[in-house]
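Numbering (the working numbering), first residue to last: 75 to 163.
C-beta atoms are modelled at their ideal positions from N, C-alpha and C, and glycine is treated no differently.
Quick caveat: nothing in here was measured; it's all calculated off a predicted structure.
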Amino acid sequence: MANIKSQEKRILISNEERMQNKSKKARIATEVKKFRAALTESDLKKAEELLKNCVSLIDSARLDGVYHKNTASRKVSALTREYNAASAK
Numbered sequence: 075m076a077n078i079k080s081q082e083k084r085i086l087i088s089n090e091e092r093m094q095n096k097s098k099k100a101r102i103a104t105e106v107k108k109f110r111a112a113l114t115e116s117d118l119k120k121a122e123e124l125l126k127n128c129v130s131l132i133d134s135a136r137l138d139g140v141y142h143k144n145t146a147s148r149k150v151s152a153l154t155r156e157y158n159a160a161s162a163k
């Protein structure tokens, strides 16, 4: 346990930030699951809208520092490849 007041505050702040990051990651995971469900149902119109939403959420998480820029790019690229493969069928 911290003995210094500033360190106690830092612990509280880092816990709040961790919970916010966890919430953002959970929201992205939920949207990605919805996107993949739409792909399995072959609903390309809905999947396209969900893809745009997923990309937007991932980019905003990158700007907030939740994801490294390469991680965000990799996730967006993977989702786009999944959509392109489904639409090619």
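For residue i, three-class secondary structure by DSSP
i      : result
ASP133 : helix
SER151 : helix
ALA111 : helix
Nearest-angstrom Cα separation, counted from residue j out to residue i
i      : j      : result
ASN95  : SER80  : 22 Å
LEU113 : ASN77  : 53 Å
ILE87  : ALA159 : 43 Å
LYS126 : MET93  : 25 Å
GLU90  : LYS83  : 11 Å
SER130 : ILE85  : 30 Å
Integer-rounded CB distance, given that residue j should sit under 8 Å from residue i
i      : j      : result
LYS108 : VAL140 : No, LYS108 and VAL140 are not in contact; Cβ-Cβ is about 19 Å, not under 8 Å.
Residue i beta carbon near the ligand FAD (any heavy atom closer than 6 Å)
i      : result
SER161 : Of the ligands one can find in the structure shown there are none, so the ligand FAD has no counterpart to examine.
Short Cβ contact (7 Å threshold) for residue i with residue j
i      : j      : result
GLU156 : CYS128 : no
ILE132 : LYS149 : yes
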